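From first to last, the protein sequence lines stand for chains X and L. All residue numbers for the first sequence refer to the working numbering, where the first residue is 1 and numbers rise by one. All residue numbers for the second sequence refer to the working numbering, where the first residue is 1 and numbers rise by one. Ideal Cβ positions, reconstructed from N, Cα and C, are used throughout, including at glycine. Bear in mind the structure is a predicted one, so any value in this text is a computation, not a measurement. Below is one structure; the comments refer to it alone.
2 protein chains.
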Amino acid sequence: MARPRKPLLSREGIVAAAGALVDAEGLEALSTRRLAAVLGVSGPSLYNHFRTKDEILEAVADAVSARVDLSMFEPDDGRDWRTALEDWAHSYRAALADHPHIVPVLARGPGRRPAGLRVADAVFGGMTAAGWPPSQATRIGALMRYFVLGSAVASFAGGFTEDRSAYDPEAYPHLGQAHLLPERGRSVDEGAFETGLTALLDGLALRFEALGGDEPRS
Amino acid sequence: MARPRKPLLSREGIVAAAGALVDAEGLEALSTRRLAAVLGVSGPSLYNHFRTKDEILEAVADAVSARVDLSMFEPDDGRDWRTALEDWAHSYRAALADHPHIVPVLARGPGRRPAGLRVADAVFGGMTAAGWPPSQATRIGALMRYFVLGSAVASFAGGFTEDRSAYDPEAYPHLGQAHLLPERGRSVDEGAFETGLTALLDGLALRFEALGGDEPRS
DNA sequence: ACCTGAACACCGTTCAAGT
DNA sequence: ACCTGAACACCGTTCAAGT
Numbered sequence: 001m002a003r004p005r006k007p008l009l010s011r012e013g014i015v016a017a018a019g020a021l022v023d024a025e026g027l028e029a030l031s032t033r034r035l036a037a038v039l040g041v042s043g044p045s046l047y048n049h050f051r052t053k054d055e056i057l058e059a060v061a062d063a064v065s066a067r068v069d070l071s072m073f074e075p076d077d078g079r080d081w082r083t084a085l086e087d088w089a090h091s092y093r094a095a096l097a098d099h100p101h102i103v104p105v106l107a108r109g110p111g112r113r114p115a116g117l118r119v120a121d122a123v124f125g126g127m128t129a130a131g132w133p134p135s136q137a138t139r140i141g142a143l144m145r146y147f148v149l150g151s152a153v154a155s156f157a158g159g160f161t162e163d164r165s166a167y168d169p170e171a172y173p174h175l176g177q178a179h180l181l182p183e184r185g186r187s188v189d190e191g192a193f194e195t196g197l198t199a200l201l202d203g204l205a206l207r208f209e210a211l212g213g214d215e216p217r218s
Numbered sequence: 001m002a003r004p005r006k007p008l009l010s011r012e013g014i015v016a017a018a019g020a021l022v023d024a025e026g027l028e029a030l031s032t033r034r035l036a037a038v039l040g041v042s043g044p045s046l047y048n049h050f051r052t053k054d055e056i057l058e059a060v061a062d063a064v065s066a067r068v069d070l071s072m073f074e075p076d077d078g079r080d081w082r083t084a085l086e087d088w089a090h091s092y093r094a095a096l097a098d099h100p101h102i103v104p105v106l107a108r109g110p111g112r113r114p115a116g117l118r119v120a121d122a123v124f125g126g127m128t129a130a131g132w133p134p135s136q137a138t139r140i141g142a143l144m145r146y147f148v149l150g151s152a153v154a155s156f157a158g159g160f161t162e163d164r165s166a167y168d169p170e171a172y173p174h175l176g177q178a179h180l181l182p183e184r185g186r187s188v189d190e191g192a193f194e195t196g197l198t199a200l201l202d203g204l205a206l207r208f209e210a211l212g213g214d215e216p217r218s
């Protein structure tokens, strides 16, 4: 065939197909050869559009970051810093929950991914505008990232097996119900996320008060 | 050579060599062929001791879990639940910091790894003994896991690049200093971890009070 | 029981050749 | 510029063969 008059591939098309494959079958299922096959081309063709397979994965991850709502950090948005952080965390978590298999790639850090950087920038801007000192604003961005990404990557319930025999009551006296965890999985993780998020925000509010921030600037 | 009179390999030896290789060069550097070469045998020999490469990785991860201090959750330990959680989180984080490359494997969940299960069991036992209702104790175990694993897997500072040109001030108005983050990396992450941990514990203490737990049982 | 080499079915990536 | 097939240097894993 050689070169067709109209390109068979585009960056967007490759990223979309890669994302669909990862969503459907997981990170390991994505090989350049399989991805190319899905797109109806041969493996090496991808290298006309991306330098490496990893670059494709970064683009898939960034597309997920791009879906995180950041409107709560805009200057004219009415929400106070606590509500903004809470709403953002929920939006962030929801975006990750829709594409769980790509989360480990997102967790590597914003790196050079534009949408990932936009998230970091927005949180920092929102917190400093609300009266947090810059050094604290950086920390808040980091710690929220830990918690939200941790909840997605280290799902508690998903980590247990349904095989009851794995939990010898002699060895693990408190894990009698652990084999039921995968079943209740979603609700356990959701409850833990909400409890943790509330605790985090309550704790940060205490710290904000101690700052002398009696009249928060929004 | 065929079978030697004394086995060349042992599970412990394989796990130790695999751990060293992962620590030194990262997860992707571990191939069965390279690991075997380090041990002075041929690739397939490993399959006499482990069923899959993944089982080796699980064993490496479990060895890290086994180094997490759990003494604070023992019945006769004097620490109250908050101090116990705080000390545990620090020990957990330190263990992960010593072996950052294996953290993604640990994050997959305790699964069937004995030391991982022992951690989950100890936290749950410690929290219920302190007066937390079982459902809340489960959530606390999960949310602490999110935060500690998140801090290890999603290191904030390590995710930025030192290349200043990646942070166009037009696009990211608040990231002017972002290229300095890798340098300050360790201290930013440490500060964020401490801030987040304190906030989490402060928030949980509020919740504990609301439980009517005026006389905590230790 | 525990090692070996050969083999199978894959990988990511490079590159010269085609249009 | 953008695709191809062939090739390189790898993978994880299976298996018959050796002692």
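Taking DSSP as the reference, what is the three-state secondary structure of residue i?
i                         : result
histidine 289 of chain X  : There is no way to answer for residue 289 of chain X, as the model of chain X reaches only from 1 to 218.
serine 218 of chain X     : Unreliable positioning characterises serine 218 of chain X in this predicted model, as indicated by a pLDDT of 46, which lies under 50. The coordinate reading is nonetheless provided below. DSSP places serine 218 of chain X in coil when its eight states are reduced to three.
tryptophan 132 of chain X : coil
leucine 70 of chain X     : coil
threonine 195 of chain L  : helix
histidine 179 of chain X  : helix
glycine 213 of chain X    : The predicted position of glycine 213 of chain X is uncertain, since its pLDDT is 49 and thus under 50; no value can be drawn from it.
histidine 101 of chain L  : helix
lysine 6 of chain X       : coil
glycine 150 of chain L    : helix
proline 114 of chain L    : helix
leucine 30 of chain L     : coil
arginine 51 of chain X    : coil
alanine 171 of chain L    : coil
Take residue i and list the residues in its own chain whose beta-carbon comes closer than 6 Å to its own, dropping the five residues that flank it on each side.
i                       : result
aspartate 87 of chain X : Met72
valine 123 of chain L   : Gly141
leucine 197 of chain L  : Ala89
arginine 79 of chain L  : Met72
Does residue i come within less than 9 Å of chain X when only Cβ atoms are used?
i                       : result
leucine 206 of chain L  : yes
valine 60 of chain L    : no
aspartate 69 of chain L : no
glycine 191 of chain L  : yes
glycine 131 of chain L  : no
alanine 178 of chain L  : yes
glycine 125 of chain L  : yes
leucine 57 of chain L   : no
tyrosine 167 of chain L : yes
valine 188 of chain L   : yes
leucine 9 of chain L    : no
leucine 85 of chain L   : no
Can you give me the Cβ contacts of residue i inside the same chain, cut-off strictly under 7 Å, excluding the 5 residues immediately before and after it?
i                       : result
leucine 201 of chain X  : Arg82, Leu85 and Glu86
alanine 154 of chain X  : none
arginine 137 of chain L : Residue 137 of chain L is actually alanine in this sequence, not arginine. These residues qualify, in order along the chain: Phe124, Met127 and Thr128.
With 16 as the cutoff for other CB atoms within 10 Å, does residue i come out buried or exposed?
i                        : result
arginine 118 of chain L  : buried
glutamate 58 of chain X  : buried
alanine 94 of chain L    : exposed
aspartate 98 of chain L  : exposed
tyrosine 146 of chain L  : buried
glutamine 177 of chain X : exposed
Do residue i and the ligand MN come close, with the Cβ less than 8 Å from some heavy atom?
i                      : result
proline 114 of chain L : With respect to the ligand MN, the structure shown offers nothing to examine, as it has no ligands at all.
Nearest chain L C-beta to residue i closer than 9 Å, yes or no?
i                         : result
isoleucine 140 of chain X : yes
histidine 49 of chain X   : no
histidine 174 of chain X  : yes
threonine 128 of chain X  : yes
serine 135 of chain X     : yes
valine 15 of chain X      : no
alanine 171 of chain X    : yes
leucine 143 of chain X    : yes
Quick one: what's got a C-beta closer than 8 Å to residue i's C-beta in the same chain, skipping five residues either side?
i                       : result
glycine 40 of chain L   : Leu8
histidine 49 of chain X : Leu9, Ser10, Arg11 and Ile14
alanine 205 of chain L  : Arg82
serine 42 of chain L    : Ala36
arginine 34 of chain X  : Leu21
> Which residues, in order along the stretch 146–157 of chain L, keep a beta-carbon less than 8 Å from a beta-carbon of chain X?
Replying inline: From the stretch 146–157 of chain L, only Tyr146, Phe147, Val148, Leu149, Gly150, Ser151, Val153, Ala154, Ser155, Phe156 and Ala157 have a Cβ closer than 8 Å to chain X.
>> By the 9 Å beta-carbon criterion, what residues does the stretch 97–122 of chain X contribute toward chain L?
In response: Against chain L - using a Cβ distance shorter than 9 Å - the residues of the stretch 97–122 of chain X are Pro104, Leu106, Ala107, Arg108, Gly109, Pro110, Gly111, Arg112, Pro114, Gly116, Leu117, Arg118, Ala120, Asp121 and Ala122.
>> Can you pull out the residues from the stretch 27–54 of chain X whose beta carbon lies closer than 9 Å to at least one beta carbon of chain L?
In response: Within the stretch 27–54 of chain X, no residue has a Cβ that lies closer than 9 Å to any Cβ of chain L.
>> To be precise: take each residue of the stretch 194–205 of chain L, compare its Cβ to all Cβ atoms of chain X, and keep it if any distance is under 8 Å. Which residues remain?
In response: Along the stretch 194–205 of chain L, the positions whose C-beta sits under 8 Å from a C-beta of chain X are Thr195, Gly196, Thr198, Ala199, Leu200, Leu201, Asp202, Gly203 and Leu204, read in chain order.
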